[in-house]
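**Student:** Note that the protein sequences, when read in sequence, are chains A and B. The opening residue of the first sequence carries number 1 in UniProt numbering; numbering runs sequentially from there. The opening residue of the second sequence carries number 1 in UniProt numbering; numbering runs sequentially from there. Just so it is clear, CB atoms sit at the ideal spot from N, CA and C, and this is done for glycine as well.
Number of protein chains: 2
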Amino acid sequence: MKIQLKEYLVRSERFLASVRDLASIGATAGGGVHRLALSPDDIRARKQMVEWMEEAGLTVSVDDMGNLYGLRPGRNPGPPILFGSHVDTVPFGGRFDGAYGVLAGLEVMRVLHEHRVETEHPLGLAIFTNEEGARFQPAMMGSSVAVGKWPVEEAYAVRDQEGIAFGDALQASGFLGERRNRISRPLCYVELHIEQGPVLEAAGKTIGIVQGIVAQSWHEVVLEGEANHAGTTPPSRRRDPLVAAARWIAYVHEMAESSEGALLVTCGRIAAEPGAVNVIPRKVAFTVDLRSADEVRLRKAEEQMFAWGDDLCRRAGVEKAVRRLHWAPYTPFASGIRELIRESCLRRGYTFLEMPSGAGHDAQHLAGVCETGMIFVPSREGKSHCEEEFSADGDLVKGAQVLLDTVLGLDRTR
Amino acid sequence: MKIQLKEYLVRSERFLASVRDLASIGATAGGGVHRLALSPDDIRARKQMVEWMEEAGLTVSVDDMGNLYGLRPGRNPGPPILFGSHVDTVPFGGRFDGAYGVLAGLEVMRVLHEHRVETEHPLGLAIFTNEEGARFQPAMMGSSVAVGKWPVEEAYAVRDQEGIAFGDALQASGFLGERRNRISRPLCYVELHIEQGPVLEAAGKTIGIVQGIVAQSWHEVVLEGEANHAGTTPPSRRRDPLVAAARWIAYVHEMAESSEGALLVTCGRIAAEPGAVNVIPRKVAFTVDLRSADEVRLRKAEEQMFAWGDDLCRRAGVEKAVRRLHWAPYTPFASGIRELIRESCLRRGYTFLEMPSGAGHDAQHLAGVCETGMIFVPSREGKSHCEEEFSADGDLVKGAQVLLDTVLGLDRTR
Chain A
1 MKIQLKEYLV RSERFLASVR DLASIGATAG GGVHRLALSP DDIRARKQMV EWMEEAGLTV
61 SVDDMGNLYG LRPGRNPGPP ILFGSHVDTV PFGGRFDGAY GVLAGLEVMR VLHEHRVETE
121 HPLGLAIFTN EEGARFQPAM MGSSVAVGKW PVEEAYAVRD QEGIAFGDAL QASGFLGERR
181 NRISRPLCYV ELHIEQGPVL EAAGKTIGIV QGIVAQSWHE VVLEGEANHA GTTPPSRRRD
241 PLVAAARWIA YVHEMAESSE GALLVTCGRI AAEPGAVNVI PRKVAFTVDL RSADEVRLRK
301 AEEQMFAWGD DLCRRAGVEK AVRRLHWAPY TPFASGIREL IRESCLRRGY TFLEMPSGAG
361 HDAQHLAGVC ETGMIFVPSR EGKSHCEEEF SADGDLVKGA QVLLDTVLGL DRTR
Chain B
1 MKIQLKEYLV RSERFLASVR DLASIGATAG GGVHRLALSP DDIRARKQMV EWMEEAGLTV
61 SVDDMGNLYG LRPGRNPGPP ILFGSHVDTV PFGGRFDGAY GVLAGLEVMR VLHEHRVETE
121 HPLGLAIFTN EEGARFQPAM MGSSVAVGKW PVEEAYAVRD QEGIAFGDAL QASGFLGERR
181 NRISRPLCYV ELHIEQGPVL EAAGKTIGIV QGIVAQSWHE VVLEGEANHA GTTPPSRRRD
241 PLVAAARWIA YVHEMAESSE GALLVTCGRI AAEPGAVNVI PRKVAFTVDL RSADEVRLRK
301 AEEQMFAWGD DLCRRAGVEK AVRRLHWAPY TPFASGIREL IRESCLRRGY TFLEMPSGAG
361 HDAQHLAGVC ETGMIFVPSR EGKSHCEEEF SADGDLVKGA QVLLDTVLGL DRTR
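#1: In three-state DSSP terms, what is B:Cys188?
#2: At a CB-CB cut-off below 9 angstroms, which residues of chain B make contact with A:Ser384?
#3: Suppose only complete runs of 4+ residues qualify. What are the alpha helix (DSSP H) ranges in the region 14-78 of chain A, listed by chain order?
#4: Output, in chain order, the set of chain B residues within a Cβ distance shorter than 7 angstroms of A:Val277.
#5: For A:Arg247, count neighbouring Cβ atoms within 10 angstroms of its own Cβ and tell me buried if that reaches 16, exposed if not.
#6: So within the region 283-324 of chain A, which uninterrupted beta strand (DSSP E) runs reach at least 3 residues, ignoring any that extend past its ends?
#7: For A:Leu192, which option in A:Ala202, A:Ala307 and A:Phe96 has the closest C-alpha, if you only look at C-alpha atoms?
#8: Leaving out the 5 sequence neighbours to the left and right, which residues in its chain are closer than 6 angstroms to B:Gly409 when beta-carbon positions are compared?
#9: Are the beta-carbon atoms belonging to A:Gly163 and A:Cys386 less than 8 angstroms from one another?
#10: I'd like to check one pair, A:Arg269 with residue 478 of chain B: are the Cβ atoms closer than 8 angstroms?
#11: Can you tell me the Cα-Cα spacing of B:Arg348 and B:Glu389, whole angstroms?
#12: Am I right that A:Asp63 and A:Ala172 are in contact with their C-beta atoms under 8 angstroms? What's the rounded C-beta distance?
#13: Is B:Leu36 near the ligand GDP, judged by its Cβ being under 7 angstroms from some heavy atom?
#14: Decide if B:Val296 is buried, meaning its Cβ has at least 16 other Cβ atoms within 10 Å, or exposed.
#15: Considering A:Thr232, what are the terminal residues of the alpha helix (DSSP H) in which it resides?
#16: A:Pro329 CB to nearest chain B CB: under 8 angstroms?
#17: According to DSSP, simplified to helix, strand and coil, what is A:Arg380?
#18: Does the beta carbon of A:Arg239 come closer than 8 angstroms to any beta carbon on chain B?
#19: Let me know the beta strand (DSSP E) ranges lying completely inside the region 208-268 of chain A, each 3 residues or longer, listed in chain order.
#20: Please check if any C-beta of chain A sits within less than 8 angstroms of the C-beta of B:Val402.
#21: Apart from the five residues just before and just after B:Ser357, which ones in its own chain have a Cβ nearer than 6 angstroms to its Cβ?
#22: Listed from N- to C-terminal order along the chain, which residues in the region 117-132 of chain B have their beta-carbon within a distance smaller than 7 angstroms of any beta-carbon of chain A?
#23: Under the three-state reduction of DSSP, which class applies to A:Leu82: helix, strand or coil?
#24: Which runs of the alpha helix (DSSP H) spanning at least 4 residues fall entirely within the region 79-161 of chain A, listed in chain order?
#25: For B:Thr372 versus B:Ala400, is the C-beta spacing smaller than 8 angstroms?
#26: Given this structure, state the Cα-to-Cα distance separating B:Lys2 from B:Pro378, to the nearest angstrom.
#27: So what does DSSP say about A:Leu353, is it helix, strand or coil?
#28: Please report the distance separating the alpha-carbon of B:Leu71 from that of B:Pro122.
#29: Ignore the nearest five residues each way along the sequence and tell me which others in residue 440 of chain A's own chain have a CB closer than 7 angstroms to its CB.
#30: Within 10 angstroms of the Cβ of A:Leu346, are there 16 or more other Cβ atoms? Answer buried if so, exposed if not.
#31: Which same chain residues end up closer than 8 angstroms to B:Ala256 when comparing Cβ atoms and leaving out the 5 residues on each side of it in sequence?
#32: If the criterion is Cβ atoms closer than 8 angstroms, does the pair A:Ala157 and A:Ala169 meet it?
#33: Should B:Pro281 be flagged as near chain A, meaning a C-beta pair shorter than 8 angstroms?
#34: Assign A:Lys398 to buried or exposed, taking buried as 16 or more other Cβ atoms, counted over all protein chains shown, within 10 Å of its Cβ.
#35: Give the range of the alpha helix (DSSP H) segment to which B:Ala165 is assigned.
#36: Beta carbons nearer than 9 angstroms to chain A: which residues of the region 194-217 of chain B have them?
What follows is the structure in structure tokens.
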């Protein structure tokens, strides 16, 4: 068994050359990639992927969300072992987010193709449409519809900032396929991705074995008071929503600090109206993004925040309106897949760390329909979603090897 | 002496009718007035004022800032006793801010005209251009240039949001006059104004005797940290400028609270970049407006805030850049004029309160060149700069009477 696994090794030069080649499509002057979903560069990248997949002996199919699947038959019929990620990027994003997992999956297929390996199960390389949610919201649109979590008609109706509907952009791209091509129930799914955070680098480990994706709670909080003159309104008469917002934001960050890392809190957006230096604001809106690997703790944190906020607003004479923007439960990954990843690391002598993912990935939708796992490699300084995003060649190759080992392990044992 | 003063009384009906008539120029559906400086409605209001001033026997002159002066000769030559205010408004402002003081001044002139009163000193009714600073910044432009505090060329070069230069707008309005018409050194200046705050109403008093205009300190604070992923960045790696801004804003308001009213603090503007729910902000900018009737205290509050802020930013790993937007020292009003206002109140049986002005007024520029004073009347619920701005007829009339008494008092005693 150990010997058999060692027979199949990814070819570093070929794999890294493909990483470089795909990064040239939509390349930015700053060394990143700007390749928004269904943009001309995204379409070029998809065409490149189709060409490479066909060269690797794969049969390419496209579903009604434009998700691309490169399929390879197994000895047995039935659902494939699926692996992949996405090739769209955020504006002025990096070369590795998404593309890395797709190209490592391609390398897996190439290795099997050149060695004429016959697997028990069919294998599929998936390229999901609009994972980033940068052009069309929400993120992870393709995988969400593919697994039947979201109606395709709603996805088609979503418009970008220029008013172009996703459905129209998809049709115009030439990547509108058939609903029957969806792989809604793969046998299992594995996604290899850069960490996008600094944990592996700081720990000096090569491979992240992802335990699950943290639960997320996003809210918009709108506080309304009364606009008034900054010079003539005594403190007792002020109903200032910005003071309340500032205290709220300070408070939730104190909650995070006292949680010792169990709770992540981010307030990313804030705006005050009317927004003049010498006018007490009438209205302030801000967002709160809460995340935790412990869903019960996250629910409790929400309750604690709102109870405290109610009291704060009452004392400040401010009206509060809260809108939930997003909720994602904790997504645990399959222990069987984590075990196969660990086995690969031990066999190859790669250092590893069991860790949660603080970011969302297509894998979280797949986890609802099949056994799912994720593999991380380090991101330099934890930077991602920016042109400086970087992972070392050696780590990229090791991650691809772990993906290959894991896919073969799944094929043997499922 | 007492008997002589009682002879001259404002005529309520005539005065209130003029208040209504002027408010019809630029009237809004919501009961307010929208009359931006040098807009067509401001020009109509100015023409109406010129007509009324000439009917009251005044000689109207215009200076190079478009400031209008309605002049009445005295027995002696020399600089006039000046009184007035402005007729421009903020967008969707009220009927009384500025216009009230001008029309009460007109009523003073009408009373003296119909009684053929000959004063010792010339009298002048002043209508200053662009007091509000809503269309052209800064506020109080006309009075600032008139007293020689600001070069007229700089005022001419200021552009509104549509790119129209103040100088061009002034020329087009037909109200560009001669520099030699400026009244740069009046004998003294008195301004009657609505309070724009709730203090008189809450105290149940009719007349505010203004002690001075509070010192003002405006700053923009820009904090820069590092944009990062809300899910993958551990607390120890965050350099979040919004958390620092929130703590800063909460802190300065605690300073205000512990000052027991001696320090007013307003943060009116805040913005975060890039401003996405799930991205730790890179940059946050906000403003701090500090006011106090005690200039030394205000300077100390600034120092305290910045010392605390330095420490905060150091701990938060955030860079700080501070820009002073505005500084106005405390402007004390002349005790002699305050005494005359008090005498009028006592003589007429009007209740009064000595109070500072938290808002700026043309009077603060005049105070640099002559003995100056201000009179306030109550604003309902303290509302101003909005369509709901309201002061009761009875209070308006009493304020006008106090202005008349004060002007005559000044004429007798100066």
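**Tutor:** In this structure, then:
#1: Three-state result, B:Cys188: strand.
#2: Within 9 angstroms Cβ-Cβ: Asn228, His229 and Thr232.
#3: Fully enclosed alpha helix (DSSP H) runs of no fewer than 4 residues occupy 40-55 of the region 14-78 of chain A, in order along the chain.
#4: Near A:Val277 (Cβ distances below 7 angstroms), the residues of chain B are Trp218, Gly268, Arg269, Thr287, Asp289 and Leu325.
#5: Burial call: buried.
#6: Here the runs fully enclosed are 283-292.
#7: Comparing Cα-Cα distances from A:Leu192 to each of A:Ala202, A:Ala307 and A:Phe96, the minimum goes to A:Phe96.
#8: Within the same chain, and ignoring the five residues on either side of B:Gly409 in sequence, the residues whose Cβ sits closer than 6 angstroms to its Cβ are Leu340.
#9: Contact: no.
#10: The displayed coordinates of chain B run from 1 to 414. Any statement about residue 478 of chain B would go beyond what the structure contains.
#11: Taking the straight line from one Cα to the other gives about 26 angstroms.
#12: Cβ atoms of A:Asp63 and A:Ala172 stay farther apart than 8 angstroms, at about 17 angstroms.
#13: Absence of the ligand GDP is noted for the structure shown, with no ligands found whatsoever.
#14: Exposed.
#15: In the DSSP assignment, A:Thr232 falls outside any alpha helix (DSSP H) and carries neither an H nor an E.
#16: No, its Cβ sits nowhere closer than 8 angstroms to a Cβ of chain B.
#17: Residue state, collapsed to three classes: helix.
#18: Interface criterion not met: the Cβ of A:Arg239 is under 8 angstroms from no Cβ in chain B.
#19: Within the region 208-268 of chain A, the complete beta strand (DSSP E) runs of at least 3 residues are 215-224 and 264-266.
#20: Not one chain A Cβ lies under 8 angstroms of B:Val402.
#21: Closer than 6 angstroms at Cβ, skipping near neighbours: Val210 and Ile213.
#22: So nothing in the stretch comes that close.
#23: Collapsing the DSSP output to three states places A:Leu82 in a strand.
#24: Runs of the alpha helix (DSSP H) inside the region 79-161 of chain A: 99-114, 141-146 and 152-157.
#25: No, the Cβ-Cβ distance between B:Thr372 and B:Ala400 is not below 8 angstroms.
#26: Reliability fails at B:Lys2, whose pLDDT of 45 lies under 50, so the model's placement of it is uncertain and no value is given.
#27: Secondary structure of A:Leu353 (DSSP, three-state): strand.
#28: Going by the C-alpha atoms only, they are around 7 angstroms apart.
#29: In this structure chain A extends from 1 to 414, so residue 440 of chain A is not present and cannot be described.
#30: Here A:Leu346 is exposed, its C-beta having fewer than 16 other C-beta atoms within 10 Å.
#31: The residues are Leu263, Leu264 and Val265.
#32: 8 angstroms or more divides the Cβ of A:Ala157 from the Cβ of A:Ala169.
#33: Closer than 8 angstroms: yes.
#34: Classification of A:Lys398: buried, given that the 10 Å Cβ count is 16 or more.
#35: Note, B:Ala165: premise wrong, no alpha helix (DSSP H); not H, not E.
#36: Per Cβ criterion, the list reads Glu195, Gln196, Gly197, Pro198, Val199, Ala202, Ile213, Val214 and Gln216.
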